[in-house]
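Asks: Numbering (UniProt numbering), first residue to last: 1 to 97.
The C-beta atom is built at its ideal place from N, Cα and C for all residues, glycine as well.
Note that the coordinates shown come from a computational prediction; the quantities given were computed from them, not determined experimentally.
My questions will all concern the structure given below.
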């Protein structure tokens, strides 16, 4: 459904709830990939935080947000917060930074 086809708050909220459900599912999938990354990093003796990768992902988020018509500052802030959480998750699994 296109946003201009929504004419009441009930429908609008339903659409937002459906998107939120998809976002949660995607974050759960990302979390599982991070678990796998921690396993690989442990085997290859890599640190949880690889700063060049953090910056690369943050800049990709900005660029993709801009292309999608989303505030790039918002996207970068959300991605940085998400990455910090997942880096902490990796550090916990690795037992080291």
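Can you look up residue 71 in the DSSP assignment and give me helix, strand or coil?
Replies: In the structure shown, residue 71 sits in coil (DSSP, three-state: anything other than H, G, I, E or B).
Asks: Once DSSP output is grouped into helix, strand and coil, what is the label at residue 107?
Replies: Since the first residue shown for the chain is 1 and the last is 97, residue 107 is missing from the structure and cannot be characterised.
Asks: Can you tell me which of 41, 4, 35 and 26 puts its alpha carbon nearest to the alpha carbon of residue 86?
Replies: 35
Asks: Whose CA, out of 67, 72, 54 and 69, lies closest to the CA of residue 83?
Replies: 54
Asks: Could you say which of 78, 91 and 2 lies nearest to residue 27 if we only look at CA atoms?
Replies: 78
Asks: Here's the rule: buried if 16 or more other CB atoms are within 10 angstroms of the residue's CB, otherwise exposed. What is residue 98?
Replies: Since the first residue of the chain shown is 1 and the last is 97, residue 98 is not available in this structure.
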